[in-house]
Each structure stands twice: as C-alpha cells, then as structure tokens.
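K.L.:
Chains as they are written, first to last, in full-length UniProt numbering: chain U, 1 to 290; chain X, 1 to 541.
Yeah, the Cβ is synthetic: ideal placement off N, Cα and C, and Gly gets one too.
Structure in structure tokens, see below.
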Amino acid sequence: MTGAAAALARTPGRLRSLRTSDPVLTIAVVILGLLVAASLAGRLIPGLNDGTTTVGGRFEAPSLAHPLGTDSLGRSLVARLLEGIGTTFLLSALAVLCTAVIATALGIVAAYAGGWVRELVMRIGDVLYAFPAILLALLVAAAIGPGSTAALASIVLVTVPLMTRMVCAAATDVARRDFVTSARISGVAAPVIMVRHLLTCVSGTVVVQGTYALSVAILVEGGLSFLGYGVQLPAASLGLLVSEGNVYLLTAPWILIAAGTTMVLAILAVTLVGDALRDRLEPREAVDLT
Amino acid sequence: MRTTSKITVAAAAIAALALTACTGGGATPGGSEQPADPNLPAGYASVADESIESAGGPLHVQVDYDTAEAQGLDPAFAEIARSWSIMGLVYESLVTVGPGFEIQPELAASWEQPDDTTYVFDLQPGATFSNGRAVSAADVVGSLNRLRESGSVWSGQLGPIAEIADTSSGDAQQVTITLETPFTPLLAALANTPAAILPMQEIEAGELDPTAEMLGSGAFTVAEHRQDESWSFEANAEWWNAEQLGIDALELTIAADDQTRLAGLRDGSTQLANFSNPDALSLLAGAQGVTAVSQTQSDFFYAMLNSVNPDSPFVDQQLRQTVNAVLDRQGIVDLALAGAAVPTAVTPANLPDACAADSVPSASAEPAADALAGESISLLIYNDDPSLTALAQVVQQQLQGAGAEVTLDSVDYGTYSERVYVAQPGDFQMALGWFAGYGDASMVTNWWNPETAVFNAGFAQPHDDLSAAIAEAQALPAGTERAEALQSVCDLADTHAEMVPLATRPQVVGIRSDQLSASVLSDEGYGDFLRLIAEFKTIEG
Chain U
1 MTGAAAALAR TPGRLRSLRT SDPVLTIAVV ILGLLVAASL AGRLIPGLND
51 GTTTVGGRFE APSLAHPLGT DSLGRSLVAR LLEGIGTTFL LSALAVLCTA
101 VIATALGIVA AYAGGWVREL VMRIGDVLYA FPAILLALLV AAAIGPGSTA
151 ALASIVLVTV PLMTRMVCAA ATDVARRDFV TSARISGVAA PVIMVRHLLT
201 CVSGTVVVQG TYALSVAILV EGGLSFLGYG VQLPAASLGL LVSEGNVYLL
251 TAPWILIAAG TTMVLAILAV TLVGDALRDR LEPREAVDLT
Chain X
1 MRTTSKITVA AAAIAALALT ACTGGGATPG GSEQPADPNL PAGYASVADE
51 SIESAGGPLH VQVDYDTAEA QGLDPAFAEI ARSWSIMGLV YESLVTVGPG
101 FEIQPELAAS WEQPDDTTYV FDLQPGATFS NGRAVSAADV VGSLNRLRES
151 GSVWSGQLGP IAEIADTSSG DAQQVTITLE TPFTPLLAAL ANTPAAILPM
201 QEIEAGELDP TAEMLGSGAF TVAEHRQDES WSFEANAEWW NAEQLGIDAL
251 ELTIAADDQT RLAGLRDGST QLANFSNPDA LSLLAGAQGV TAVSQTQSDF
301 FYAMLNSVNP DSPFVDQQLR QTVNAVLDRQ GIVDLALAGA AVPTAVTPAN
351 LPDACAADSV PSASAEPAAD ALAGESISLL IYNDDPSLTA LAQVVQQQLQ
401 GAGAEVTLDS VDYGTYSERV YVAQPGDFQM ALGWFAGYGD ASMVTNWWNP
451 ETAVFNAGFA QPHDDLSAAI AEAQALPAGT ERAEALQSVC DLADTHAEMV
501 PLATRPQVVG IRSDQLSASV LSDEGYGDFL RLIAEFKTIE G
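Right under this line is the structure:
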C-alpha cells in the first residue's frame, strides 16, 4: 500500500482522536450506552424481560410499583419500553448492517468499473431516492406483508441509495489516485484492488453513513410500526408504543411521553455521534494529503 | 459541530408531539362504565329531542369500515355488519328491531300470526321504491324467494319456509309466509338487511343489477360511492315516511383509524362516529360538545379451534376442551374489553332465554395449572380491529399461563378470510373472530351447524346431536321451555368446543351533541348504529 493510501486508511487512528472532552458528544455516547444497556437489561433481567404479561390494572399511572405506569392491557410500561428499545435497536442495527454491506459493495464496484456500470447503479439509486422514505417503506411492507421482515427490508431499501451514492463518490476519488492506477498497471486483480485499496479508504464514509442510516432506520421502524406495517403485537417496539400512546394521548399520556422521549433521545444520540464521527473521519475535510 | 441534520429536526418534532400529550385534558383512563341515564326511555342510549326543529342539511358520519367489495351491493349476499347498516339506509325489510330487541314494523305496516306456522304481513300503503314505482307484494315474494334460493349465508337463517305467497286483495298489499314447522326466530331473521325487499320487477327485466346498483324503498338514495373511502346519500323524496326525516343528505366517510374518528368528533367535522374500542367512551369524555354512548350488543367474540385440518392439534377434542376451560372470560372482559362487555355462551348473554356463560360444562372444569404444557399453538387474527388485537393478546397470555407456547399470526382481513372461511380445510389452528348476535337468542346458534352455516365447514364438523338441539330450540316459543332447550345447545357446543364463545362485543357511538340530536338504541344485534337515523335532528349553527 502506498503512503497516500495508508494515510487515507488510517481510520482507527482518527477514531482515537475523537475528543471525549466534547460535552455534547459525551452526553450522546452516554445516552446511547444507557439505551443499549437498557435493552440488554430488558432481555436478561427477570422481572424486566416480560413485556407481554399483565402485572396490574389497565392504565395505572406511574407509581413506585410501576415507575412508568401500565398500558391498556395492564402490562408494565417499563418492561414494554425496554423490550421496545431492544427490538427497535436490533432491527435497525441489523438493517443498517445489511445496508452497509450492500451499499459498500455496489458503491465500490460502481466506482471502480465506472462507465455504464456506475451510471446504472446511480440511476437505480436515483429512482429509489426519488420516493419519499415512508412511501417506499409502505410499498415494501404491503408487498411482503406486515412484520419485522417488512420493517427490515424497508429500512434497507430506504437507506441503501444514499449510502451507495456516498460510498461511490468517496471510492471514485480514491480510484483516480496514482496508487490505484499503479496497482492496475501492475496487474493486481480487480477484486484485490477493490478490497485492499478502495474498501479500506471508504470505511470512514461507511461508518459515518451508517450512523446516519441508523437514525433513519429508527424513524422508518417507528413510522411503519405506527402505521401497523412493522413490528406486530404483542411484541413491542418504539413505533408500536408511540402508536398505542397516540390513541390514549389524553387519558394515559405517560405511554406516548415515555416512548416518544426515548425515540427522540435515541435518534438525537445516534445523530450526534454520527456528526462527531463525520467531523473526524471525512477524508476530504479532515485529512491533509499535501 | 458543523452539520444540522434533518434527523435532528425530525426528532425534535417527535419530542414536541410527546410533550403536547401533557397539555390535553381528559377523563379517567379505563373508566368505561356508563351509568344508565334515568331520563332516557327503556332501550335507548340516546334519544333525539322531539322539540328541536331539525336544521336539515347534510349529516357527516364516520364509520370504521366499508361494505365488503367482493360481495357487491346485493343485500341478499351481505355478510358483514357494516354492509347491513349501510345498505339498510337504502333498503327496507318487512320488519325492524326496536328497543329491547322488540320486532317492529318497517315495510310491513303490521302482521298477524294466526297459528304457529303462518305469518301474514300487510305492507305500508304508499311504500314506493326511489324510482317512484309502488312496492308490491310480488316484490316481497320475489325478494324473499330469491334470498332462499341464493344459497347465501343469510338464507340459512330463514328456517323451514314452505311457501311465500302474495295474498293481496284489492289495493291492500299482503304477503303470507307459511312454515313447515314452527320457527321462532323468523321475524328477527326478516329484520336484517339481507332480507331486504328489492325491486324485483326491474331486476327480472334486467333493468337493474343489484350487485352494482342500489334501488330501494328506504330513507336514502345513493349519490356516490367510492369503495373504502366514502358514500354520499341523498334523502329519498319517495320514502313513505319522508316527512319524518330530519336530514337532507348523508356524507359517510370510511375512516379505519380510531384516531381519525375521534378527531372528527372533537373538531366538529363529524357529527356521528362508531368505535369498537370500548375505551372510546373515556377518550371522548372530556371532549367539548361530544356525547359518547355505549351500545350493548348481542355480537360476541369467539375462538375457532380447527378440528378439520389434520395438521391442527385441535382435531383432538380433549385439547379443545382444555383450551375452552383454560380461557378466563371475565379476565378477557376486564382487560381486553375495558369491562364494557359480559362473558357469553353460544346464545348472546343479553338476549332473552340465553344461557349463562358460567352454566356450561367448561365453566366448572378445573384444568391443571400446566394443562397445556408442551402445546404449541398458532393464533390467527386480522389486524384492523383494535378490540380483536387486544383480545388476542389476553387469550395468548392465558394459554401461555397454562403452559402453551402461543404465537400470534396477525394478517390483513382478506388473508384471514381466505385462510379461515375459504380454504378447505381451514388454514389455521386457532383463530379469533366475532359474530353478530342478532335479535333472537336462537339465531346465532345456526352457525354451530356447518351444514347451515357453510362458511365454517373448513374448521368445524357437523354434529347430529347439536344440530338436532338447535332445530328443537328454534321451534319452541320464547319462554322457559326454550331457555332449557337453548341450555342443551350451549352445553353441547361447549363440549364439542370447535367454536368457543368468549364475550360480547361492545360498541361506542360518539355524537357531536351540539350539532346533532340523535336516537341510538342501547341494545343492538345487527351492528346498525344508524338504525334510528330517521329520528335524527341537526341543530342550527
């Protein structure tokens, strides 16, 4: 690998340069950590891991026994919320992982091949990008039926176009560099160049776009489940809880407040972390190659 | 930080939405018990103020779902409650249902029953279809014979009719129905929209296709229909009781989402709406200018345990009986139905001669705490009825409490219908649904005989003992003897445990009382909350 390539690929080093003294970032990381810990607690700790069992009366207001109150079937909102956080995060993370794999592969191949391959990938992306996200998600959900699979597929389809475009743009810059040209002239196989040179150089972009996609994923899951096309009862997700809370907004506001606030915090935290990562990892802005 | 993300803005919007939840007033949650108003006459949940001079104009109503598109607009084939209530605005039957499920005249001005098997109906003088042609006895005979021969689900409710004859003399139009054997629920069967009187002359002449067009003798005519979106009705100037009608037009919007209907009532854009969610009563309690009333319906939820499909664990009768015994109906009422319903057996609990839910064998069974250990059950529901979804979750909890592993399979209604009613054998193990309970305790028992019901042949088997008990009960006049016969029906159905009754299905009707003075019956068996629309009066301003 050339020196320039090595400089572009020094992502881990730049990650270490994230300043933990940034209070906003610190708060975002702490919130994100707490939410992940809460979702793990909701899966593992007895008493908190059953959001489907009735434990009290209907719509009991927050109390010592039920800190966030109960829902329309007398289920603890704490347990429902923890399950919901876990479901939403797991679904969103899985979807973003799929997006990252698909978008990275498409973006790098398009950038390396150029010509009609690049045009084809970009135009298909443009078509998908032209649809409003929630409409595209609804189309997918309507085609394959409501449920977690529909939510996952929708999120992937909504987030793939933008990430593909960003990865392709970053990879195209790298593909024009001398060290890539040298590798081509030297007879290095295309897959090797794409993996060893392009992939390592666009990893920062993938990470940044991944956090953006995670925010979108949480929103899309929320929207789909709110409309009844995503996660299905009796499972819980943040979108489902917001949907239930919306119905009982005037009589049991704690449901919407708890679920809505958690969703807001999750999206804010992910977005802030993503912004911070972008500040450090965006090669064109953060790295001086001269 | 150099970027301001759209995501952040979206998140802030959600935060604002969450916070606005704090600002609304409202009623005590879950409190759906509604004391009977002592000022109301018996059998009414709301009565239109007769002293009000109706301001006329259009009435805006929102309902939860539309007529079934696949069944067309032919009332003889209408199978769902909303088809009955919407088509009932245009068509009339010989009789209708009044307070306390009392059978009252509609297109028939009066009737006599000279003996156990003969009913003589005299038609309303001046009754005409909306095209101006007078309703004749021939239309009645033709319509009812057409229904009998249609093979539709409702044809199974008419009982052992021997003959329907035009017995008119002079100008008086008269129809006589003769039965082979006594059949007590005949009048209650004739009171439903599928037994509506159609313009047979036009249909037989090929001038009217009743599956695509509605031409009746009722209070309204159809101006426009957009499936699953809206209906526009105009007052039928030819209606024999047109002078009583207080509104000029009816704009009926299909709004599947509860929140949309609640919002319509709150902001005054809708004057009337229905809700299957019993919590609507408390959700509307704090809304200014809105009155919400609860209708006690004879409709009831039930569980289907598929005994026909060899892949279903419920081919085993003992397992069906165990599930039946494990289900805590009062628990279902308290949790899923906000206490606004009552447990029921096969005969709807709020109808005369009905057997009590706790009188059947399963009620006294004491299944072991882990009676369903090792069982894996798939529970099928459709996802556009919030009450059914709530009920399914409680049923799931109860069965899991007995050791079963229960997965909820929530699908759209089309898929549900295909798997439950069309597939042979039915493509499910356990499913939840609801029946209209009608106006006579023995009517719905017909659906426990797959040879009469037809639609349940994919998951329930005919039983000679049960079918005989149903026929025997329907032949007896209302009273103690029939109540005892119906108890036998309830016991047998409970023992076979293929269709397991759970609890009555409540309905809430929201009225924008500063714009509309409406009459609503406190009891309803056909899902028709617009039954008394002719008495509605709109309020000026």
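With H, G and I counted as helix, E and B as strand and the rest as coil, what does DSSP make of Y421(X)?
P.N.:
Y421(X) falls in the helix class under three-state DSSP.
K.L.:
For the putative contact between V520(X) and S46(X), defined by C-beta atoms under 8 Å, what is the C-beta separation to the nearest angstrom?
P.N.:
4 Å
K.L.:
Taking 9 Å as the CB-CB limit, is residue 567(X) close to chain U?
P.N.:
There is no way to answer for residue 567(X), as the model of chain X reaches only from 1 to 541.
K.L.:
Taking all protein chains shown into account, decide if R176(U) is buried (16 or more other Cβ within 10 angstroms of its Cβ) or exposed.
P.N.:
exposed
K.L.:
If distances are taken between C-alpha atoms only, which option among T172(U), T181(U), A133(U), L139(U) comes closest to V160(U)?
P.N.:
Cα-wise, what sits closest to V160(U) is A133(U).
K.L.:
Taking all protein chains shown into account, do 16 or more other C-beta atoms lie within 10 angstroms of the C-beta of L241(U), making it buried, or fewer, making it exposed?
P.N.:
Taking all protein chains shown into account, L241(U) has 16 or more neighbouring C-beta atoms within 10 Å of its C-beta and is therefore buried.
K.L.:
Which chain U residues sit within Cβ distance under 7 Å of G286(X)?
P.N.:
L250
K.L.:
Just checking my contact of G218(X) with V90(X) at CB under 8 Å: how many whole Å lie between their CB atoms?
P.N.:
With a Cβ gap of about 5 Å, G218(X) and V90(X) count as contacting.
K.L.:
Alpha carbon to alpha carbon, how far is L256(U) from F435(X)? Give it in angstroms, no decimals.
P.N.:
Going by the C-alpha atoms only, they are around 33 Å apart.
K.L.:
For V411(X), would you say it is in contact with chain U, using Cβ-to-Cβ distances shorter than 9 Å as the test?
P.N.:
yes
K.L.:
Since S169(X) sits in a beta bridge, which residues does DSSP pair it with?
P.N.:
Paired residues: A172(X).
K.L.:
Mind pulling the chain U residues with CB within less than 7 Å of S282(X)?
P.N.:
T251
K.L.:
Of all the options A151(U), T181(U), D178(U), T211(U), which has the alpha carbon lying nearest to the alpha carbon of M163(U)?
P.N.:
T211(U)
K.L.:
Count the other CB atoms, across all protein chains shown, that sit within 10 Å of the CB of R226(X); report buried if there are 16 or more and exposed otherwise.
P.N.:
exposed
K.L.:
Do E251(X) and L486(X) have their CB atoms nearer than 9 Å?
P.N.:
The answer is no: Cβ separation not under 9 Å.
K.L.:
Taking buried to mean at least 16 other C-beta atoms within 10 Å of its own C-beta, is T3(X) buried or exposed?
P.N.:
Residue placement at T3(X) is flagged as unreliable, the pLDDT there being 39, under the threshold of 50; the coordinate-derived value follows with that caveat. The residue is exposed, with fewer than 16 neighbouring Cβ atoms inside 10 Å.
K.L.:
Could you please give the first and the last residue of the uninterrupted alpha helix (DSSP H) stretch that includes I501(X)?
P.N.:
Per the sequence shown, residue 501(X) should be read as Pro rather than Ile. Careful: P501(X) lies outside any alpha helix (DSSP H), inside the beta strand (DSSP E) at 499-504.
K.L.:
Can you give me, in chain order, the residues of the segment 390-407 of chain X that have a beta carbon less than 7 Å from any beta carbon in chain U?
P.N.:
A390, Q393, V394, Q396, Q397
K.L.:
From the beta carbon of A356(X), is the nearest beta carbon of chain U less than 9 Å away?
P.N.:
no
K.L.:
Using a Cβ-Cβ cut-off of 9 Å, state whether V247(U) counts as contacting chain X.
P.N.:
yes
K.L.:
Any contact between the segment 266-275 of chain X and the segment 511-531 of chain X? By contact I mean 3 or more CB pairs, one from each, below 8 Å.
P.N.:
Between the segment 266-275 of chain X and the segment 511-531 of chain X there are three or more C-beta pairs closer than 8 Å, enough to call the two in contact.
K.L.:
Would you say Q232(U) lies against chain X (beta-carbon separation less than 9 Å)?
P.N.:
yes
K.L.:
How long is the line joining the alpha carbons of A15(X) and S230(X), rounded to whole angstroms?
P.N.:
Here the model assigns A15(X) a pLDDT of 42, short of 50, so the residue's position is not dependable, and the following value carries that caveat. Distance between the alpha carbons of A15(X) and S230(X): 34 Å.
K.L.:
Anyone know if the C-beta pair for T211(X) and A478(X) falls short of 9 Å?
P.N.:
Going by C-beta atoms, T211(X) is not nearer than 9 Å to A478(X).
K.L.:
Could you work out which residues of chain U lie near D64(X), taking near to mean beta carbons separated by less than 8 Å?
P.N.:
None at all; the shortest Cβ gap to chain U is about 14 Å.
K.L.:
By the 9 Å beta-carbon criterion, what residues does the segment 54-74 of chain U contribute toward chain X?
P.N.:
Cβ proximity to chain X below 9 Å picks out T54, G57, R58, F59, E60, A61, S72, L73, G74 from the segment 54-74 of chain U.
K.L.:
Assign H60(X) to one of three DSSP states: helix, strand, or coil.
P.N.:
strand
K.L.:
Quick one, are the C-beta atoms of G126(X) and E535(X) less than 9 Å apart?
P.N.:
no
K.L.:
How big is the Cα-Cα spacing for V333(X) and E243(X)?
P.N.:
43 Å
K.L.:
Helix, strand or coil for W84(X)? Go by DSSP, reduced to three states.
P.N.:
W84(X) falls in the helix class under three-state DSSP.
K.L.:
Closest to I218(U) by CA distance: which of C201(U), V78(U), G239(U) is it?
P.N.:
G239(U)
K.L.:
Since residue 542(X) sits in a beta bridge, which residues does DSSP pair it with?
P.N.:
The structure shown does not extend to residue 542(X), since chain X is modelled only from 1 to 541, so the question has no answer here.
K.L.:
Using C-beta distances below 7 Å, list every residue in its chain close to F226(U), excluding the 5 sequence neighbours before and after it, in chain order.
P.N.:
Here F226(U) has G239, V242, S243 as same chain residues with Cβ atoms under 7 Å from its own Cβ, once five neighbours each way along the sequence are excluded.
K.L.:
Counting only Cβ pairs nearer than 8 Å, list the residues of chain U close to residue 544(X).
P.N.:
An answer regarding residue 544(X) cannot be provided, because it is not within the stretch 1 to 541 covered by chain X.
K.L.:
So which residues of chain U does A338(X) contact, with C-beta pairs closer than 9 Å?
P.N.:
R58, S72
K.L.:
Closer than 7 Å by beta-carbon distance: list the chain X residues that pair up with G228(U), in chain order.
P.N.:
N383
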